[in-house]
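Count along the sequence shown from 1, then add 1; that gives the number in this note's numbering.
Ideal Cβ positions, reconstructed from N, Cα and C, are used throughout, including at glycine.
To start, the structure itself, in structure tokens.
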Amino acid sequence: MKNVIGPSGVRYPVTQDVERFLRSMDRRALQSLVLEMAAYSAEAMRSLQLRATPEDEPTASELLSAVDAALAGVDLDYHDPFYEDVDDGVQGVEETLDELERHLDGGAHPVVRRVLQHLLTRLGDLARDADNADALLEVAERASALFGRAVAGHPDPVSLARWVVGFRVEYGGWPSLALDAVAHAFDEPAWHAYRAGVATLGGGGPAADPYRSEIDRMLLELADHDGDVEEAVALLSGGDRPYYREIFRRLRDAGRFTDLLTCLDRAVTQRCVDVAWRAGPTIVPVEDAVDAYLDGGRPDAALAITRTLFDRDLSVDAFRLVSSVAQRCERQEELRAWAFEQATLGAHCSGGAHLVRLHLADGNVAEAWEAADAFGAGHAWRELVDASEDDFPLQAGRLCLAQVLESLTTPDSKRYPAIVDLLVKARALCDTAGHRAEADAEITRLREVYRRRPALMTAMNRAALPS
2 MKNVIGPSGV
12 RYPVTQDVER
22 FLRSMDRRAL
32 QSLVLEMAAY
42 SAEAMRSLQL
52 RATPEDEPTA
62 SELLSAVDAA
72 LAGVDLDYHD
82 PFYEDVDDGV
92 QGVEETLDEL
102 ERHLDGGAHP
112 VVRRVLQHLL
122 TRLGDLARDA
132 DNADALLEVA
142 ERASALFGRA
152 VAGHPDPVSL
162 ARWVVGFRVE
172 YGGWPSLALD
182 AVAHAFDEPA
192 WHAYRAGVAT
202 LGGGGPAADP
212 YRSEIDRMLL
222 ELADHDGDVE
232 EAVALLSGGD
242 RPYYREIFRR
252 LRDAGRFTDL
262 LTCLDRAVTQ
272 RCVDVAWRAG
282 PTIVPVEDAV
292 DAYLDGGRPD
302 AALAITRTLF
312 DRDLSVDAFR
322 LVSSVAQRCE
332 RQEELRAWAF
342 EQATLGAHCS
352 GGAHLVRLHL
362 ADGNVAEAWE
372 AADAFGAGHA
382 WRELVDASED
392 DFPLQAGRLC
402 LAQVLESLTT
412 PDSKRYPAIV
422 DLLVKARALC
432 DTAGHRAEAD
442 AEITRLREVY
452 RRRPALMTAM
462 NRAALPS
């Protein structure tokens with residue numbers, strides 16, 4: 002069955018009855034039906050008009066007015082995050098973009114191109130005077146993408162190229178309009194005009210910074226388009242700190258592995274290698290760095306990075322990374338022993354939570370309990386309890402009871418349901434271990450100690466805990 006897609010992406014099935022009805026209509030009846038349907042909404046009439054005359058001026062004026070009206074309703078003041086239903090007017094702009102996209106899907110390039118160009122300019126003007134312009138970020142990105150579609154087959158690519166340069170300089174990269182979005186519409190004269198326009202702006206040099214200067218970003222895009230790795234690396238090496246991640250990616254893609262390792266050595270020296278979720282444009286993701294060193298025959302360098310990160314975090318993720326690299330280097334036992342030694346040293350200063358988690362990640366619950374007994378479980382107590390229900394139920398139950406005592410130090414009725422749940426769990430674990438009487442005795446003692454907390458007593462009674 003065929004479907005037509007309406008506003009908001011809703012699909013409406015076209016039944017066989019409807020298809021038979023349309024096939025049965027003569028030309029005059031079909032024309033009458035189309036006009037009737039077009040009268041149901043202003044957008045439908047505009048769509049019909051643009052299909053008839055793609056450069057219809059009245060329709061263009063209507064759409065320009067719709068854009069201005071939608072933007073006039075935008076409130077870019079910061080709002081209290083607790084009031085999620087505050088209407089900031091952005092939805093109205095998105096709905097206008099929805100209509101422009103539907104017209105673009107119908108082939109109305111000239112008008113849509115003109116209206117989107119106007120919208121991008123207006124967004125740039127708004128951003129100049131608003132502290133919260135990023136509320137329109139998704140709108141701006143979508144408008145730029147649609148504009149890139151709309152410029153296909155532009156009748157004057159040279160004027161388009163000059164406008165893009167001027168727009169990017171004028172608004173400094175917000176809204177973002179990357180070269181890739183419009184390059185498909187350029188012919189040779191347009192490329193010449195674009196390059197000449199960028200060249201007149203200066204930029205580049207030792208102080209180049211493509212992430213802060215739109216001019217430098219345009220130069221970087223041209224270098225990437227031309228495959229000029231040397232120029233791209235030079236542009237990314239200026240500023241306060243080289244953009245190692247971007248340099249790394251370009252050198253790797255170009256197959257320049259000797260230069261890649263040299264770049265990576267500098268990044269390591271400047272502590273610009275880190276886990277992926279922390280990796281901004283100046284940071285090389287550690288997984289990529291490890292692969293590069295191992296592929297380049299430098300396993301010691303790969304291990305040194307992972308050891309440095311583990312020393313900093315003593316985290317399970319860092320341990321797994323050390324283990325993975327050690328396995329690839331056939332030094333797994335050596336590095337495993339080193340990691341636990343470092344974590345044990347750290348436990349003397351900051352408690353046993355990290356060490357407990359590492360033993361659990363290593364699949365050794367017994368050694369996790371030894372660490373907890375020696376240094377405390379800290380914030381890892383819940384993971385330890387969950388891992389111990391089958392093999393160490395008594396220890397797990399006692400740990401739950403200890404956490405209950407700690408939680409009851411300060412009265413807080415909002416926490417009592419969770420505390421009682423923990424008591425129920427402790428009792429069940431002790432029962433599994435054959436020590437239910439021990440848990441019941443402790444619960445009875447708690448009732449006596451905290452008998453003046455009626456909310457706690459009510460929660461305990463509701464859970465049918467012993468009294």
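- Distance check between A144 and each of V183, L359, L236 and P158 places V183 closest, using alpha-carbon atoms only.
- Cβ-Cβ distances below 7 angstroms link L65 to V116 and H119 in the same chain, with the five nearest sequence neighbours on each side left out; the list follows chain order.
- Sixteen is the threshold: since fewer than 16 other Cβ atoms of the shown chains lie within 10 Å of the Cβ of P14, the residue is exposed.
- Within the same chain, Cβ atoms closer than 7 angstroms to the Cβ of A460 are found at Y417, P418 and V421, the five residues on either side in sequence being excluded.
- When rounded, the separation of the alpha-carbon atoms in L223 and A208 is 18 angstroms.
- Shown here, Y244 sits in coil according to DSSP, grouped into three states, outside any helix or strand.
- In this structure, the CA atom of A179 is about 37 angstroms from the CA atom of A302.
- For R143, the enclosing alpha helix (DSSP H) has its first and last residue at L138 to A151.
- Taken atom to atom, the span from the alpha-carbon of H360 to that of R383 is near 14 angstroms.
- Residue pairing by DSSP places D99 in no beta bridge whatsoever.
- By the criterion of a C-beta distance shorter than 7 angstroms, F341 is surrounded in its chain by L359, once the five residues flanking it on both sides are discounted.
- Considering only R242, D241 and F258, the residue with the shortest C-alpha distance to F249 is F258.
- In this structure G174 does not touch D210 by the C-beta definition: roughly 12 angstroms separates them, more than the 8 angstroms allowed.
- Taking the C-beta atoms as reference points, V357 is found nearer than 9 angstroms to A373.
- Judged by beta-carbon spacing, R52 lies beyond the 9 angstroms limit of E63, meaning their Cβ atoms are not closer than that value.
- In this model, S324 and I444 are separated by some 43 angstroms (Cα to Cα).
- Taking 9 angstroms as the cut-off, the Cβ atoms of V91 and V75 count as close.
- In terms of Cβ geometry, H349 and L315 do not form a close pair [threshold 9 angstroms].
- Considered as a whole, the segment 236-311 harbours 245-254, 258-270 and 287-296 as its complete alpha helix (DSSP H) runs of no fewer than 4 residues, in chain order.
- Separation of L252 and D296 (C-alpha to C-alpha, rounded to the nearest whole angstrom) is 14 angstroms.
- Under the DSSP assignment, C431 falls in the alpha helix (DSSP H) whose first and last residues are Y417 to T433.
- In the three-state reduction of the DSSP assignment, V75 falls in the coil class, being assigned neither a helical nor a strand state.
- Proximity to G228 across I284, Y245, A153 and G256 peaks at G256, based on C-alpha coordinates.
- Within the segment 346-422, the runs of alpha helix (DSSP H) that reach at least 4 residues and sit entirely inside it are, in chain order, 354-362, 366-376, 382-388 and 394-408.
- A Cβ-Cβ contact shorter than 9 angstroms links L385 with A378.
- In the structure shown, P467 adopts coil according to DSSP, grouped into three states.
- Within the same chain, and ignoring the five residues on either side of A153 in sequence, the residues whose Cβ sits closer than 8 angstroms to its Cβ are H110, H185 and A186.
- Around the beta-carbon of M219, 16 or more other beta-carbon atoms lie within 10 Å, marking it buried.
- CA-CA distance, L423 to L430, rounds to 10 angstroms.
- Closest by C-alpha distance to P158, out of G167, D188 and S177, is D188.
- In terms of CA proximity to A277, T307 leads the group T307, P412, S408 and L105.
- Contact annotation: D89 and A30 have beta-carbon atoms that are not nearer than 9 angstroms.
- Distance from V285 to R246 at the Cβ level is roughly 5 angstroms; contact confirmed, criterion being Cβ atoms closer than 8 angstroms.
- When only Cα atoms are considered, R437 and R399 end up about 11 angstroms apart.
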